[in-house]
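Asker: For reference, the structure I am asking about is given below.
2 protein chains.
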Amino acid sequence: MVNKTEHIVTRMSGEKRRIQILEVAIRLFAKQGFSGTTTKKIAQEAGVSEAMVFKHFANKDKLYADIIDYKACNHGLEDPFAEISEELKNKDDFGIFYGMALNALRHHEEDKDFIRLLLHSALENHELSKTFFDSYVSEIYDFLSGYINQRQKDGVFLDVEPKIIVRAFVGMMIHHSMSNTLWDPEQKILKVSDEQAAREFANILLNGIKK
Amino acid sequence: MVNKTEHIVTRMSGEKRRIQILEVAIRLFAKQGFSGTTTKKIAQEAGVSEAMVFKHFANKDKLYADIIDYKACNHGLEDPFAEISEELKNKDDFGIFYGMALNALRHHEEDKDFIRLLLHSALENHELSKTFFDSYVSEIYDFLSGYINQRQKDGVFLDVEPKIIVRAFVGMMIHHSMSNTLWDPEQKILKVSDEQAAREFANILLNGIKK
DNA sequence: TGCAAGTTAGTAAGCACTTACTTACATGGA
DNA sequence: TCCATGTAAGTAAGTGCTTACTAACTTGCA
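If you read the sequences in order, they're chains A and B. Residue 2 is where the first sequence starts when you use the numbering used here, and the numbers rise one by one after that. Residue 2 is where the second sequence starts when you use the numbering used here, and the numbers rise one by one after that.
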């Protein structure tokens, strides 16, 4: 007979197990997409039987929906402007754009899974990307284009459609993060610190639109 | 009995059918990814039995590989600098950047499937994205950063790492195309012509880096 | 009439999901 | 301190359906 102490039985509380399965699923969905990930594989990686997955989540779609909630709580709803409130008061243009860029790049680097999940979601027409887009991306667009518009009235920025400027700026950051996550993770083409990237992107943009 | 003339039998030549199946597969892979697309569905949409798919392509992976070849021939290997040779000779900075941007945006718009296919491929770690990246993207990086480097020596551009500048510029275009393809196909946030987008992107970048 | 285009009717393996069962453990009364 | 017991964590072994893929056959056309 096998001594019980040899075989470590890890029996978790329901809530803990739920979150563990959720996080395994996030990792796998990020890596292989929704339809590329089987519930069996999720169970295996979580170290439980497949039935446990369905005890915690009614079905695979519900598991996906719960991931959205989980991620939205942990990431989407942080205020992206909280850290640049001082710069905003002072109309410190570089501080604002640098701060936003650095913040975004750091977040993306910390949570590459989230980027992949978002992309999978967008490609598969799931809800996550729509939710994220409506509640987060468009907020950034509104805020930044509002600020740019104000600075145009101040006579500091050139009169270019503000949303085009935002698109250019967001594009620099997103594409940089995506390059580092998807196409060139070893950064063979370009290897720079987040600080330098943020600084140069902010400089290029602000030089590009200042009068 | 059904009159045969009523029922149009479309019996294609082998090569025609092959390409038809291939193009259906491209559309479906682009829409739903590799593992999200069944061979049955491909056959249905092509209007043949599933067995026909396997008569033309040894297996699903081979079908995917052949799509890569097909797409690489049709798209990847076009010379992206052919259309701006005149501007290059004259060192017409705006002409060059505007031309490249407009060319890219137009291509992306024409072939949204290709963007989606590339993204799916990158997310699923298939070969297409690596091939495309190595043979096409890095060529653009080399070329553009070479040109920027030259203009820096001419004393016209600021001394910023050229590849960061390229990343910023490519980011504007890719992100704009991706926004219009993935997140905001109805262009609620921003609706501009390719010409205007290309013009503003080129302006922002060139203002941003000129001395 | 030969041969390529096309189909029908499979196969085994894999899929999401379920049922019916077992095991670990906190709790409270003796 | 002990041990009975209810409950929640956990499993084995399926279900019916779908998947990629095949073999053996039929049909239309040069």
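Where a beta carbon is used, it is the ideal one built from N, C-alpha and C, also for glycine.
Mapping DSSP to helix, strand and coil, what is K113 (chain B)?
Answerer: helix
Asker: Between the segment 168-187 of chain B and the segment 100-107 of chain B, do at least 3 Cβ pairs fall closer than 8 Å?
Answerer: yes
Asker: Using a Cβ cut-off of 9 Å, which residues of the segment 113-131 of chain B contact any Cβ in chain A, in chain order?
Answerer: R117, L120, H121, A123, L124, E125, N126, S130 and K131
Asker: Using beta carbons (cut-off 9 Å, strictly below), is N208 (chain B) in contact with chain A?
Answerer: N208 (chain B) belongs to the set of residues whose beta carbon lies under 9 Å from a beta carbon in chain A.
Asker: Give the straight-line distance between the Cα atoms of F30 (chain B) and T39 (chain A), rounded to the nearest whole angstrom.
Answerer: Going by the C-alpha atoms only, they are around 19 Å apart.
Asker: Taking Cβ positions, are I85 (chain A) and T132 (chain A) nearer each other than 9 Å?
Answerer: no
Asker: Measuring CB to CB, does P81 (chain B) end up less than 9 Å from E162 (chain B)?
Answerer: no
Asker: Specify the secondary structure class of F55 (chain A) as computed by DSSP and reduced to three states.
Answerer: helix
Asker: Quick check on K211 (chain B): does DSSP put it in helix, strand or coil?
Answerer: strand
Asker: Please name the residue in A:D135, A:A198 and A:E46 whose C-alpha comes closest to that of I175 (chain A).
Answerer: A:A198
Asker: Where does N60 (chain A) land, buried or exposed, given buried means 16+ other C-beta within 10 angstroms?
Answerer: exposed
Asker: Can you look up F82 (chain B) in the DSSP assignment and give me helix, strand or coil?
Answerer: coil
Asker: Please name the residue in B:Q21, B:L206, B:L159 and B:H127 whose C-alpha comes closest to that of F35 (chain B).
Answerer: B:H127
Asker: By the DSSP assignment, the alpha helix (DSSP H) with K164 (chain A) in it spans what residues?
Answerer: P163 to M179
Asker: Comparing C-alpha positions only, which one of B:S180, B:I165, B:H121 and B:K192 sits nearest to G209 (chain B)?
Answerer: For the residues B:S180, B:I165, B:H121 and B:K192, the minimum Cα distance to G209 (chain B) belongs to B:I165.
Asker: Quick one: is D94 (chain A) buried, meaning 16 or more other Cβ sit within 10 Å of its Cβ, or exposed?
Answerer: buried
Asker: Can you check whether the CB of R28 (chain B) is closer than 9 Å to the CB of D114 (chain B)?
Answerer: In this structure, D114 (chain B) places its C-beta atom within 9 Å of the C-beta atom of R28 (chain B).
Asker: Check each residue of the segment 187-202 of chain A: if its Cβ is closer than 8 Å to any Cβ of chain B, include it; give the result in chain order.
Answerer: I190, L191, V193, Q197, A198, E201 and F202
Asker: Run down chain A in chain order and give the residues with a C-beta less than 7 Å from the C-beta of A169 (chain B).
Answerer: Per Cβ cutoff of 7 Å: M173, F202 and I205.
Asker: Could you tell me whether the Cβ of I214 (chain A) comes closer than 9 Å to any Cβ of chain B?
Answerer: In the structure as shown, chain A starts at 2 and stops at 212, and residue 214 (chain A) therefore has no counterpart that could be examined.
Asker: In whole angstroms, what is the alpha-carbon distance linking I149 (chain B) and K211 (chain B)?
Answerer: 10 Å
Asker: Of all the CB atoms in chain B, is at least one closer than 9 Å to the CB of Q33 (chain A)?
Answerer: yes
Asker: Looking only at its chain, what residues have a beta carbon closer than 6 Å to the beta carbon of E46 (chain A), apart from the 5 residues adjacent to it on each side?
Answerer: V25
Asker: Would you say K17 (chain B) faces chain A, with C-beta separation under 9 Å as the test?
Answerer: With 9 Å as the cut-off, K17 (chain B) does not count as an interface residue toward chain A.
Asker: So which residues of chain A does H57 (chain B) contact, with C-beta pairs closer than 7 Å?
Answerer: The premise fails here: H57 (chain B) is roughly 24 Å from chain A at the closest Cβ pair, so nothing lies under 7 Å.
Asker: Is there a Cβ of chain B sitting closer than 9 Å to that of N4 (chain A), yes or no?
Answerer: Confidence is the limiting factor: at N4 (chain A) the pLDDT is only 32, short of 50, which leaves the residue's position unreliable and the question unanswerable from this model.
Asker: Is there a Cβ from chain B that is less than 9 Å from the Cβ of E7 (chain A)?
Answerer: Because the pLDDT at E7 (chain A) is just 39, under 50, the model does not fix this residue reliably, and the value given afterwards should be weighed accordingly. No, E7 (chain A) lies away from the interface with chain B (no Cβ there is under 9 Å from its Cβ).
Asker: Let me make sure I understand the geometry here. Which of A:K154, A:R19, A:K192 and A:V138 has the alpha-carbon closest to that of D185 (chain B)?
Answerer: A:V138
Asker: Can a CB atom of chain A be found closer than 9 Å to the CB of S86 (chain B)?
Answerer: Answer no: the Cβ-Cβ gap between S86 (chain B) and chain A never drops below 9 Å.
Asker: By Cβ distance, which residues of its chain are closer than 8 Å to F98 (chain A), with the 5 residues on each side in sequence left out?
Answerer: F170, F202, A203, L206 and L207
Asker: What number of angstroms, rounded off, separates the C-alpha of L129 (chain A) from the C-alpha of N91 (chain B)?
Answerer: Approximately 48 Å, taken between the alpha carbons.
Asker: Using the three-state DSSP reduction, which class does F35 (chain A) fall into: helix, strand or coil?
Answerer: coil
Asker: Which same chain residues, not among the five before or five after K5 (chain A), have their C-beta less than 6 Å away from its C-beta?
Answerer: For K5 (chain A), the predicted structure reports a pLDDT of 31, less than 50, and the residue's modelled location is therefore unreliable. A value from the coordinates is still provided. If we look at K5 (chain A) and ignore the five residues flanking it on each side, it has no Cβ neighbours.
Asker: Can the beta-carbon of L183 (chain B) be found less than 9 Å from the beta-carbon of L124 (chain B)?
Answerer: no
Asker: Excluding sequence positions up to five away, which residues of its chain have a Cβ less than 8 Å from the Cβ of V3 (chain B)?
Answerer: Bear in mind that the predicted position of V3 (chain B) carries a pLDDT of just 32, short of 50, making it unreliable; the figure below should be weighed with that in mind. Nothing listed; no residue qualifies.
Asker: Does the beta carbon of G37 (chain A) sit closer than 9 Å to a beta carbon anywhere in chain B?
Answerer: yes
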